[in-house]
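Residue 1 is where the sequence shown starts when you use the UniProt record's numbering, and the numbers rise one by one after that.
Notes for the one structure printed next.
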Amino acid sequence: MQMDMGYSTRLQRRFMWWFFSLSIIPVVILTGYFTWSQSQLLITQAHQQLENERDRYYFTIKEYFHDQVRAVVNLADSDLAISSGGRFYGFPNAFAQLGEDTSQAHRQLMQILQQNAGTHLKTNNQNYHRLYRQFNRQYQSWMARYEFNNVAMFDRSQHLVFAVKATPQLLADTRLHQAVTQLLDAPPEQRPKWVRTHFAPQGSRTMQAWYLAPILKSGQIQSILAVSTTTDNLSAMLRQLQRPHSGLWLIDQSHQSLLSGWVPRSSHAKLAVSPPQAAIIKSLEGQQGVLSPSDYALMPQLTAYRPVSIGNTSWALITCTPKQSAYQPLYRLYSISVTLVIALIVLLLFIGHWLSHRLALPMLQLTWCAEQFAAGELDYPVTHRQRQDEIGRLATALSHLQHRLKTTCFSTSFPSTSEYTPAMQSDSLHHSLVIAMNLALEAWGGDKVGLAEQSGLWRVYSDKGSLQTRTLDKYLHLETVPKTPRWRNVVRSLDFVLQHTDRQSPYYQPLKQAQQEIQHWITDRR
């Protein structure tokens, strides 16, 4: 009777899935917790990196504007501004050098500005040439060092008396004239050292503003110095610090960017991010922080913001980086975690499949064997006795139980010697031979071919490529024992097996007893 393979397969699968479920749950929990904790750390690092980048821009911008303020204030306080005169080396006192009144000075100024830049005003004034030699080189080096766009001077009547670049826009610039009025009308004790106009567009991408500083002599305003600046140089400085694909804005109260919108790393860069209005509003309100994509579902970037205050002006510094770039380590962690979980699932499936064959299948086979013994099928083979683990011990115990059950069944079924008739005596010999040969085969490990070949007592046949022991097989079942059995071969087989069986083996005594029973029967028969 064969074991139900469908039932066995179902139990194996059940064992495998139970093992897989109990193993994968803690693995998934531990992997998920590790991934979550590391992802929080990586998100914090991404925010800190963007904040550090924003602060680096912040200090660069602050230093840039402070340098400009110092340059303008120092120029207004220098001898170049106070003691020189004329177009070529200074601008204060230019009114006195160009004419006797404001209108005359203005007319002569416009004539000079229309001349070639290399043409010098011809004069025989020795003082004029001395001042020119003294201050012109200093003035030119100052202009080259700070790279201001334009320098102009207003007298105390708010008239333009000097300009490096005289343009109609300069004369019509209301911001500039309002700042001149502010400095002239301010009380001496409240007069600032400098003021700056608001930045306004000049051309398509440039933002321009004017620095103004009073030129004082003996505590009184002699004239107003005006220096024009743009954000082109600042944009060039920030471009050297900027990471690829990131965006940078410096936005004023009217929501105009002083850096011409986005500062790209190259002329071929494409605008991939834009400053969120929430960051601009918070920054102009004096707040600083980081907005992550989770804060705004439609925002595809990470944004850092903080206010920039220069003098009485406050701007919003915004820097953005695309989500894919900012969270690249996070996405790499997710891919590693998913790969690891998939690899563990495959490994656990393999281990579960192996364990189901290594443990579940042998246990099912031994359970089936015990059920067959309980049903009276004592000839059912016991497997897995060669294993050295607990399953091997169980198989060995079942084998011992099988032999004891066989011995008990055969011994209780035999009649006593006094009741033997000649026919019954012949049957008892056959029973003894069958019991003896089954015991010998079990003690030998169930290898019939090995027992026949090594003992040399039984013939081995080759049938269709497989080895058969037809003669020995006849002595394993009562129905096939010959009427005239070769009991000597059985006795010699028992001797051979006893010689190769340890005395402590559970098979030794049953084999010895079976051998003695056969010998007693032969002795009594004779």
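The beta carbon of each residue, even a glycine, is placed where N, CA and C say it ideally should be.
A quick note: this is a predicted structure, and the numbers were derived from the prediction, not measured.
* To do: Please confirm whether L171 and R196 have their CB atoms less than 9 Å apart.
  => no
* Close beta carbons around S426, own chain, < 7 Å, minus the five adjacent residues each side -> Note that S426 scores 49 on pLDDT, short of 50, meaning its location in the model is unreliable; the coordinates nonetheless yield the value given after this. There are no such residues.
* Take the Cβ of residue 560 as the centre, count every other Cβ of all protein chains shown within 10 Å, and call the residue buried at 16 or more, exposed below. => Not covered by the structure: residue 560. The range shown for the chain is 1 to 526.
* To do: Measure the alpha-carbon distance for L75 versus A81 and round it to whole angstroms.
  => 6 Å
* Asked: So, V69 versus I221, is the Cβ gap smaller than 9 Å?
  -> no
* Any idea what DSSP makes of W249, helix, strand or coil? -> strand
* Asked: Under a three-way DSSP split, which group does Y327 fall into?
  -> coil
* Asked: Can you list the alpha helix (DSSP H) stretches of 4 or more residues lying completely in the stretch 149-235, in chain order?
  -> 168-172 and 174-185
* Determine the extent of the beta strand (DSSP E) in which G289 is found, giving its start and end residues. => G289 to L291
* To do: Would you mind reading off the limits of the beta strand (DSSP E) that contains A316?
  => T313 to P322
* With burial defined as no fewer than 16 other Cβ atoms inside 10 Å of the residue's Cβ, what is the status of I518: buried or exposed? -> buried
* Quick one: complete alpha helix (DSSP H) runs, 4+ long, within the stretch 441-504? -> 448-455, 470-474 and 487-499
* To do: Sort out for me which residues DSSP pairs Q301 with in a bridge.
  => P322
* To the nearest angstrom, how far is it from the Cα of S283 to the Cα of L250? -> 11 Å
* To do: In angstroms with no decimal places, state the Cα-to-Cα distance between F88 and S141.
  => Reliability of the predicted coordinates at F88 is poor, the pLDDT of 38 falling under 50, and no value is obtained from them.
* Inter-residue CB distance, T319 and E53 (contact presumed, cutoff 8 Å) -> 6 Å
* Could you give the distance in angstroms between the alpha-carbon of S257 and the alpha-carbon of L347? -> 57 Å
* To do: Could you pull the start and end residues of the alpha helix (DSSP H) that Q256 belongs to?
  => Run containing Q256: none; DSSP gives neither H nor E here.
* To do: Work out the CA separation of P307 and S39 for me, nearest whole Å.
  => 29 Å
* Among the residues of its own chain, which have a CB less than 8 Å from the CB of L433, if the five just before and after it don't count? -> Y475, V481, P485, W487, V490 and I518
* Where the alpha helix (DSSP H) containing L284 begins and where it ends -> Q277 to L284
* Could you give the residue range of the alpha helix (DSSP H) that holds E371? -> L361 to A374
* To do: Going by CA-CA distance only, name the one from S335, R332, G352 and G446 that's closest to R385.
  => G446
* Which residues in the same chain as F20 place their Cβ atom closer than 7 Å to its Cβ, once the five residues preceding and following it in sequence are excluded? -> L348, L349 and G352
* Secondary structure at S337, three-state DSSP: helix, strand or coil? -> helix
* Whole beta strand (DSSP E) elements within the stretch 21-73, 3-residue minimum -> none
* Asked: By DSSP, does R306 sit in helix, in strand, or in coil?
  -> strand
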